[in-house]
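Counting in my numbering, the sequence shown runs from 726 upward without gaps. Report on the structure given below.
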Amino acid sequence: MNLKFIVCGLEHSGTTMVSDLFREHPFTESGFECGVLLCQSPREFKSFHPYCDHMEVGWGITKDDLNECCDTDHFAEFFSRLFSKSNILSDSTSQIIFDKTPRYITDLKSVKSKLNLPTIAVIKDPRSLTLSDFKRSKKTYEEIDEWYESWKQSKISYMRSGYIGYQYAWNDNSCLVIRLEDICFNAKATVKSMFEFVGLEFKSKYLDLKHKRFDNTFGTSISVNSCMRFMEELPKHIQSKVENDFSEFEHWFYPF
């Protein structure tokens, strides 16, 4: 059993929703994240924190299993061993396995040089990303200005590394860039294009998320609110700051 495709994109950009949509297909499955393709060799992965720490829960393997998976110089062999040992896969009829690791977008050219597989790269509006990060910070709205100023520079640096990956994806025929906003506003056509890109048959019933494994995706169906929430919940002056401070990422802003 071999890896068939990759899903990546900035954290909190909608990669888990995309993963959940693919997992509605009866023969398609994945763990939560992997990250091995960020390493130069699978042998490095067993000490590649925090990614290696998530494998036991995310893929249903033991530490000994992970060590055996990493005992190879070939990434395809790593995944073959992983799939044969994963409890998540052993009880399923899955034949099509994918790796959803958001951080691959920051080094996508290198990732693709290791396994040149069809790749879905997910993006969403920087204002929506800002709200997602703010909510995860657990700060209050009274603290949002201070939070924003302390957050923005590291986020800009991270997004610059990601932007290089998206530029690569936009110019590579084995990559497809998908906007979360397009999934929300034009779900059937957009999700169908994702499925067809990786060689899967699409059915409209897959838009009903019945097999979610994690809580990162809210609700059981695609919601327009997931990409428009920032309009009501992110203060207008913060929205303006994001538009100015992140203006170099012009392709990410959605024309609402």
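Yeah, the Cβ is synthetic: ideal placement off N, Cα and C, and Gly gets one too.
Simplified DSSP state of residue i, which is helix, strand or coil
i, result
"F971", "coil"
"D907", "helix"
"E758", "coil"
"T797", "coil"
"D789", "helix"
"C900", "strand"
"S948", "coil"
"T818", "coil"
Whole-angstrom distance between residue j and residue i, CA atom to CA atom
i, j, result
"I889", "L814", "33 Å"
"L934", "D745", "7 Å"
"S899", "P843", "5 Å"
"G924", "W784", "24 Å"
"F752", "D970", "43 Å"
"K863", "E781", "28 Å"
"K982", "P827", "Residue 982 is absent from the model: the chain starts at 726 and stops at 981."
"E754", "S972", "37 Å"
"S857", "V949", "15 Å"
"E968", "F974", "9 Å"
"T797", "E769", "10 Å"
"I947", "N911", "10 Å"
"F757", "K825", "7 Å"
"E802", "C777", "17 Å"
"E921", "L901", "11 Å"
"S882", "H774", "21 Å"
"Q892", "N841", "17 Å"
"P767", "T831", "19 Å"
For residue i, the first and last residue of its enclosing beta strand (DSSP E)
i, result
"G734", "L728 to G734"
"K825", "I821 to K825"
"I869", "I869 -> not in any beta strand (DSSP E); alpha helix (DSSP H) instead, spanning I869 to W895."
"V847", "T844 to I848"
Assigned exposure category for residue i - 16 Cβ within 10 Å defines buried
i, result
"A846", "buried"
"W872", "buried"
"H737", "buried"
"Y866", "exposed"
"A914", "exposed"
"K849", "buried"
"F808", "buried"
"R904", "buried"
"R806", "buried"
For residue i, the nearest candidate out of the options (CA to CA)
i, options, result
"L932", "I903, F747 and F773", "F747"
"V836", "C759, M780, K860 and W876", "C759"
"S853", "K966, F730 and M726", "K966"
"Q765", "K788, D790, T740 and F800", "F800"
"L959", "I869, D832 and L762", "I869"
"I786", "S882, E874, S811 and K917", "S811"
"N792", "D778, T831 and K771", "K771"
"W977", "G887, D790, V761 and Y776", "G887"
"E874", "H962, F730 and P980", "H962"
"I822", "C909, K930, E749 and L901", "E749"
"E906", "D897, S819, R954 and Y883", "R954"
"H936", "V761, T741, V732 and G734", "T741"
"L728", "K788, F804, I903 and L763", "F804"
"S838", "I881, L735, V732 and L763", "L763"
"V743", "Q964, M956 and K917", "K917"
Start and end residues, alpha helix (DSSP H) containing residue i
i, result
"K863", "No alpha helix (DSSP H) holds K863; DSSP gives it neither H nor E."
"T741", "T740 to R748"
"V916", "A912 to F922"
"I813", "N812 to S815"
"E926", "Unbroken run through E926: none, as it is neither H nor E."
"P767", "P767 to F770"
"W784", "M780 to W784"
"K935", "No alpha helix (DSSP H) contains K935, which DSSP labels as neither H nor E."
"F955", "F955 to E958"
"L833", "L833 to K839"
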